[in-house]
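**Q** Protein chains in written order, with our numbering: chain A, 2 to 285; chain B, 2 to 285; chain C, 2 to 285; chain D, 2 to 285.
There are 4 protein chains.
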Amino acid sequence: MSSRLVWNGYGKAAVRLVKVDRGAARHGLHDLTVEVQLQGEFGPTHTDGDNAQVLPTDTMKNTVYALARRGPVDPPEEFGERLGRHFLGACPAAHRAMIALSVHRWDRLSAAGAPEEHAFARGSAERRLATVTVEGTRAEVEAGLEGLGLLKTSGSAFTGFLRDGYTTLKETDDRILATDVEARWKYARPPRDYGMAWSAVRTALIETFARHESASVQHTLYAMGEAALANCAEIGEIRLVLPNRHHLLVDLTPFGLENPNEIFVASGEPYGKIEAVIGRPQHP
Amino acid sequence: MSSRLVWNGYGKAAVRLVKVDRGAARHGLHDLTVEVQLQGEFGPTHTDGDNAQVLPTDTMKNTVYALARRGPVDPPEEFGERLGRHFLGACPAAHRAMIALSVHRWDRLSAAGAPEEHAFARGSAERRLATVTVEGTRAEVEAGLEGLGLLKTSGSAFTGFLRDGYTTLKETDDRILATDVEARWKYARPPRDYGMAWSAVRTALIETFARHESASVQHTLYAMGEAALANCAEIGEIRLVLPNRHHLLVDLTPFGLENPNEIFVASGEPYGKIEAVIGRPQHP
Amino acid sequence: MSSRLVWNGYGKAAVRLVKVDRGAARHGLHDLTVEVQLQGEFGPTHTDGDNAQVLPTDTMKNTVYALARRGPVDPPEEFGERLGRHFLGACPAAHRAMIALSVHRWDRLSAAGAPEEHAFARGSAERRLATVTVEGTRAEVEAGLEGLGLLKTSGSAFTGFLRDGYTTLKETDDRILATDVEARWKYARPPRDYGMAWSAVRTALIETFARHESASVQHTLYAMGEAALANCAEIGEIRLVLPNRHHLLVDLTPFGLENPNEIFVASGEPYGKIEAVIGRPQHP
Amino acid sequence: MSSRLVWNGYGKAAVRLVKVDRGAARHGLHDLTVEVQLQGEFGPTHTDGDNAQVLPTDTMKNTVYALARRGPVDPPEEFGERLGRHFLGACPAAHRAMIALSVHRWDRLSAAGAPEEHAFARGSAERRLATVTVEGTRAEVEAGLEGLGLLKTSGSAFTGFLRDGYTTLKETDDRILATDVEARWKYARPPRDYGMAWSAVRTALIETFARHESASVQHTLYAMGEAALANCAEIGEIRLVLPNRHHLLVDLTPFGLENPNEIFVASGEPYGKIEAVIGRPQHP
Numbered sequence: 002m003s004s005r006l007v008w009n010g011y012g013k014a015a016v017r018l019v020k021v022d023r024g025a026a027r028h029g030l031h032d033l034t035v036e037v038q039l040q041g042e043f044g045p046t047h048t049d050g051d052n053a054q055v056l057p058t059d060t061m062k063n064t065v066y067a068l069a070r071r072g073p074v075d076p077p078e079e080f081g082e083r084l085g086r087h088f089l090g091a092c093p094a095a096h097r098a099m100i101a102l103s104v105h106r107w108d109r110l111s112a113a114g115a116p117e118e119h120a121f122a123r124g125s126a127e128r129r130l131a132t133v134t135v136e137g138t139r140a141e142v143e144a145g146l147e148g149l150g151l152l153k154t155s156g157s158a159f160t161g162f163l164r165d166g167y168t169t170l171k172e173t174d175d176r177i178l179a180t181d182v183e184a185r186w187k188y189a190r191p192p193r194d195y196g197m198a199w200s201a202v203r204t205a206l207i208e209t210f211a212r213h214e215s216a217s218v219q220h221t222l223y224a225m226g227e228a229a230l231a232n233c234a235e236i237g238e239i240r241l242v243l244p245n246r247h248h249l250l251v252d253l254t255p256f257g258l259e260n261p262n263e264i265f266v267a268s269g270e271p272y273g274k275i276e277a278v279i280g281r282p283q284h285p
Numbered sequence: 002m003s004s005r006l007v008w009n010g011y012g013k014a015a016v017r018l019v020k021v022d023r024g025a026a027r028h029g030l031h032d033l034t035v036e037v038q039l040q041g042e043f044g045p046t047h048t049d050g051d052n053a054q055v056l057p058t059d060t061m062k063n064t065v066y067a068l069a070r071r072g073p074v075d076p077p078e079e080f081g082e083r084l085g086r087h088f089l090g091a092c093p094a095a096h097r098a099m100i101a102l103s104v105h106r107w108d109r110l111s112a113a114g115a116p117e118e119h120a121f122a123r124g125s126a127e128r129r130l131a132t133v134t135v136e137g138t139r140a141e142v143e144a145g146l147e148g149l150g151l152l153k154t155s156g157s158a159f160t161g162f163l164r165d166g167y168t169t170l171k172e173t174d175d176r177i178l179a180t181d182v183e184a185r186w187k188y189a190r191p192p193r194d195y196g197m198a199w200s201a202v203r204t205a206l207i208e209t210f211a212r213h214e215s216a217s218v219q220h221t222l223y224a225m226g227e228a229a230l231a232n233c234a235e236i237g238e239i240r241l242v243l244p245n246r247h248h249l250l251v252d253l254t255p256f257g258l259e260n261p262n263e264i265f266v267a268s269g270e271p272y273g274k275i276e277a278v279i280g281r282p283q284h285p
Numbered sequence: 002m003s004s005r006l007v008w009n010g011y012g013k014a015a016v017r018l019v020k021v022d023r024g025a026a027r028h029g030l031h032d033l034t035v036e037v038q039l040q041g042e043f044g045p046t047h048t049d050g051d052n053a054q055v056l057p058t059d060t061m062k063n064t065v066y067a068l069a070r071r072g073p074v075d076p077p078e079e080f081g082e083r084l085g086r087h088f089l090g091a092c093p094a095a096h097r098a099m100i101a102l103s104v105h106r107w108d109r110l111s112a113a114g115a116p117e118e119h120a121f122a123r124g125s126a127e128r129r130l131a132t133v134t135v136e137g138t139r140a141e142v143e144a145g146l147e148g149l150g151l152l153k154t155s156g157s158a159f160t161g162f163l164r165d166g167y168t169t170l171k172e173t174d175d176r177i178l179a180t181d182v183e184a185r186w187k188y189a190r191p192p193r194d195y196g197m198a199w200s201a202v203r204t205a206l207i208e209t210f211a212r213h214e215s216a217s218v219q220h221t222l223y224a225m226g227e228a229a230l231a232n233c234a235e236i237g238e239i240r241l242v243l244p245n246r247h248h249l250l251v252d253l254t255p256f257g258l259e260n261p262n263e264i265f266v267a268s269g270e271p272y273g274k275i276e277a278v279i280g281r282p283q284h285p
Numbered sequence: 002m003s004s005r006l007v008w009n010g011y012g013k014a015a016v017r018l019v020k021v022d023r024g025a026a027r028h029g030l031h032d033l034t035v036e037v038q039l040q041g042e043f044g045p046t047h048t049d050g051d052n053a054q055v056l057p058t059d060t061m062k063n064t065v066y067a068l069a070r071r072g073p074v075d076p077p078e079e080f081g082e083r084l085g086r087h088f089l090g091a092c093p094a095a096h097r098a099m100i101a102l103s104v105h106r107w108d109r110l111s112a113a114g115a116p117e118e119h120a121f122a123r124g125s126a127e128r129r130l131a132t133v134t135v136e137g138t139r140a141e142v143e144a145g146l147e148g149l150g151l152l153k154t155s156g157s158a159f160t161g162f163l164r165d166g167y168t169t170l171k172e173t174d175d176r177i178l179a180t181d182v183e184a185r186w187k188y189a190r191p192p193r194d195y196g197m198a199w200s201a202v203r204t205a206l207i208e209t210f211a212r213h214e215s216a217s218v219q220h221t222l223y224a225m226g227e228a229a230l231a232n233c234a235e236i237g238e239i240r241l242v243l244p245n246r247h248h249l250l251v252d253l254t255p256f257g258l259e260n261p262n263e264i265f266v267a268s269g270e271p272y273g274k275i276e277a278v279i280g281r282p283q284h285p
């Protein structure tokens, strides 16, 4: 044989699920995108076109909808685990199931100050994330968020950096700092309430971003990660990706105008990209 | 001559402008995308490559930033008019200037219940729109919004429709109604306060969507337009475009499950598209 | 009554249709996105929620697929006309049907120099467009294309333009000219072969872009329109929209380097936007 | 200390570079998007806001443009290695530099059968990829491609799969198979010519897709990987990701019509996602 299957995975992506909770007069709304991936002993379909061990991805899609009917989809961490355990049972060749859930935001409308029972407005692009990996009897839960746009107009500097022959950037002690937060954290042990834990992390990230005296994106990223760990005891470590969405000060001097940090170009490309994993201290 | 210039227009699109109001301890943030278009006697550049009457689009971009520094950018209707009048002065060949502004949402952050002075979170994809067309001394102002996602889980039916040999749709007296509102309205006379007028129209659209007993998207669209006209005396007419973002009830019967309007597929394509212009009654 | 329906239209958008022609050993592939819109006497659904005259948009979707089976989808102009006439018959309240078709490109693969019978590669983002409006017994046909990216590295200048106090742009007699062509033309009378007419116009646009000594985007746009009219006698007029996709020369002098029109930033925002309608000369 | 920096990386993404080769009468055009990432001893900026070891991402951008001027950008594998070695020299705290390059397609225009010297049309969305990781004196080169859309109308089946209580999919021995190929491979040793090696792999992938009698996406994926290894001796292993872009047969029986594999809906969501790594056999 001239080649071999080193690794493989397959599944269904972009399964769009909306569930309405109609139990009470006030409806609940859950809007999720789900991805399922199985890994395991699927060699025969690759090498021989023998599909006897292949559960169709169409079946995975059906199962997401059916299990959403059979039980709650919130918190997504628990729905994901339920799905993962199901698929390991349904597909004997699979030894690992990975379920990735992304929750889209809807805000309840209110009219004349009173909340509406059945009407919602689409929220920001921020998504709550949950990824559950089930292997044997063990489930690993990663939670997170992405697309959370934050911007501050004060309290951000960038000075004292390394310079070389290609450096033209000026130092600044007052700039706009803007980013779209992506955060992912693993629970060392399950929190009592996934929703509350998620909110505690999110609040720590946002409040730290707002109040930190930033010497660099890295500096603020680290402070955000540290605050998240401090605010949620169950997290072992957190990964943060902070694109630096540059806001460039416009040079108005050709027109006889000063620009005291007032007029900016919001630029799309290129952008800085700062990433780190922050963990708890290691004990000897 | 074998051909002629029937119509022409040119300008700069996607000018990204962020202005920080630093006058008070609490900063203000304005995030706009601006488009400029001039129409007029620009035949020579087309037919002879003679650019003597062509103000560069690069200059238009510079001017947007400079005039944003020289005066307020809010309300966008007034900033747009200021830009339009400027360009007619700067470019004698132009007889019409069209300025289209799109305002991106940022929500002020609050920490521990108190609003932050300098920090913001990106809001939903909804944009406030203003389009100002200046011709001679006259300015026409169109306001609007787009990208406002709304969804209701009750109070929407679709029955009694026309059927032909290609009709398979079932009647329903309870479905999800979801849309992304695009609305544009012209002011017959300037309102006292553009921001208040805009909010009055937006509130009318949202509250009507939430509370209307909908027999069709058209039915709700018309009610929304009617409410907007009722809530803002200065509007002559309003145009609404309501895509029908279908949420398809999943058939769970193959799995021995009922689906009492609970589990849906949020589908992207295809989608219904319902449009109308609603005006005031004509008097004889 | 406090308001009235000034105008209305409704239909189905983003109907994705793929048709395989299996008649010969060599399969044909047609990949289209279709939009249907009806206009007419649909007041009762708006004002009273009476849907008796409303053909569901779901039926429109079904009809697109069924008529694609009953007859050819190529040329899109004729498929569109067939759809439009059908809908006017199926929906008595409609007095106008508008069908907009967009054709996606697939290129037949070849292996070892020989064309494959059944395999294709996705082509560029360019789409062929056809929009057919049927009213009574009359059909108006508009053809076009969009998303055709063109770039030339020589033969483009921009000098002698109008300057004011906000002008900082330098004159250049050698720049990159890049655009994404959008073109739409109306046939004054039907051509013998829609496909050949479309190709004749497209070839005229591309060859003129490549060879024109450009003094401005307007200058090249006009030449392209003129060539299209010259190359296709059935066209009455053509509308062209040419965004100016700026390629900015990088200033390398801080690093002791010249940049003889060699290194550029391809910028996305902002962009120039040049539009015109070119017609045939009017005779007195 | 309550937390620690487990891992970090930073850099500049989405650097858009266009280089024109003007050496000969026939210009060459290179259109790339470049990303730079450094990893290393950047703890002080995270924990103390001390930027003394931080080379600004703005400098990285400048360097990409300057080094593109100083030497060739093609093949991207060699340009990437040159950039990576430069950054390790310029930034002593960095111990690893990762450079990811994505090459956009432009096709030379021809007019009346003859190739144009200076004019190009944007090609398909396929991008050639190169990722170079430099660590100490060692450079690891990964090549690849993404966005290559392929479709076949014959020679694809899916039968004999595992069924459970949620399976409704019908077996088929003739379906459309469509995908967007993403492929990445590592060179065990440098090929003599990166461009020729890349073309050899690409040709193997495309021809195998076209001619393989497919029993499943996995089956075709494996055959594609095997052919790539056979066609390029320097590759150690190849990773393939093949989304299954479903084309759903339309049920026309309600309208009294058969559909002999002729009329399909091209669906966007959900989609199957098949991945594997194919390597050379291990020798004992």
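Glycine included, C-beta positions come from ideal geometry on N, C-alpha and C.
Hey, residue 36 of chain C and residue 101 of chain C: beta-carbon distance below 9 angstroms or not?
**A** yes
**Q** Thinking just about the alpha-carbon of each residue, which of D/249, D/244 and D/76 is nearest to the one in residue 13 of chain A?
**A** D/244
**Q** Determine, using beta carbons only, whether residue 233 of chain C comes closer than 9 angstroms to chain B.
**A** no
**Q** Do you know offhand how far residue 180 of chain D's Cα is from residue 216 of chain A's?
**A** 46 angstroms
**Q** Under the rule that 16 or more other beta-carbon atoms within 10 Å means buried, what is residue 271 of chain A, buried or exposed?
**A** Flag for residue 271 of chain A reads buried.
**Q** Which full runs of the beta strand (DSSP E) of 3+ residues lie inside the segment 6-80 of chain C, going along the chain?
**A** 29-41
**Q** Take residue 190 of chain D and list the residues in its own chain whose beta-carbon comes closer than 7 angstroms to its own, dropping the five residues that flank it on each side.
**A** 235
**Q** What's the C-alpha gap between residue 171 of chain B and residue 249 of chain D?
**A** 21 angstroms
**Q** Count the other CB atoms, across all protein chains shown, that sit within 10 Å of the CB of residue 255 of chain C; report buried if there are 16 or more and exposed otherwise.
**A** exposed
**Q** Starting from residue 232 of chain A, trace the alpha helix (DSSP H) in both directions and tell me its first and last residue.
**A** 218-232
**Q** Less than 9 angstroms between the beta carbons of residue 311 of chain B and residue 66 of chain A, yes or no?
**A** In the structure displayed, chain B extends from 2 to 285; residue 311 of chain B sits before or after that span and is not available.
**Q** Pairing CB atoms from the segment 107-121 of chain C with CB atoms from the segment 190-202 of chain D, are three or more of them under 8 angstroms?
**A** no
**Q** Compute the Euclidean distance between the alpha carbons of residue 169 of chain D and residue 238 of chain D, then round it to the nearest angstrom.
**A** Distance between the alpha carbons of residue 169 of chain D and residue 238 of chain D: 36 angstroms.
**Q** Taking 8 angstroms as the threshold, find out whether the segment 116-129 of chain A comes into contact with the segment 86-102 of chain B through three or more Cβ pairs.
**A** no
**Q** Could you tell me the boundaries of the alpha helix (DSSP H) in which residue 206 of chain A lies?
**A** 195-212
**Q** Quick one: residues in its chain with C-beta nearer than 8 angstroms to the C-beta of residue 68 of chain B, no 5 flanking neighbours on either side, listed in chain order?
**A** 80, 83, 84 and 87
**Q** Give me the Cα-Cα distance between residue 115 of chain B and residue 211 of chain A, rounded to the nearest whole angstrom.
**A** 12 angstroms
**Q** Name the residues in the segment 158-187 of chain D whose C-beta lies less than 8 angstroms from a C-beta of chain B; which are they?
**A** 166, 167 and 169
**Q** By alpha-carbon positions, which one of D/258, D/174 and D/187 ends up nearest to residue 229 of chain D?
**A** D/187
**Q** Near residue 226 of chain D, which residues of its chain fall below 6 angstroms by C-beta distance, leaving aside the five closest residues on each side in sequence?
**A** 239, 241 and 279
**Q** What separation, rounded to the nearest whole angstrom, lies between the Cα atoms of residue 55 of chain C and residue 75 of chain C?
**A** Per the coordinates, the alpha-carbon of residue 55 of chain C lies some 29 angstroms from the alpha-carbon of residue 75 of chain C.
**Q** Please confirm if residue 144 of chain C has its CB atom under 9 angstroms from at least one CB of chain D.
**A** no
**Q** Taking 9 angstroms as the threshold (C-beta atoms), are residue 19 of chain D and residue 266 of chain C in contact?
**A** yes
**Q** Run the CB neighbour count on residue 78 of chain D, radius 10 Å, all protein chains shown included, and call it buried at 16 or more, exposed below.
**A** buried
**Q** Does DSSP classify residue 248 of chain D as helix, strand or coil?
**A** strand
**Q** Specify the secondary structure class of residue 162 of chain B as computed by DSSP and reduced to three states.
**A** Coil at residue 162 of chain B, not helix or strand.
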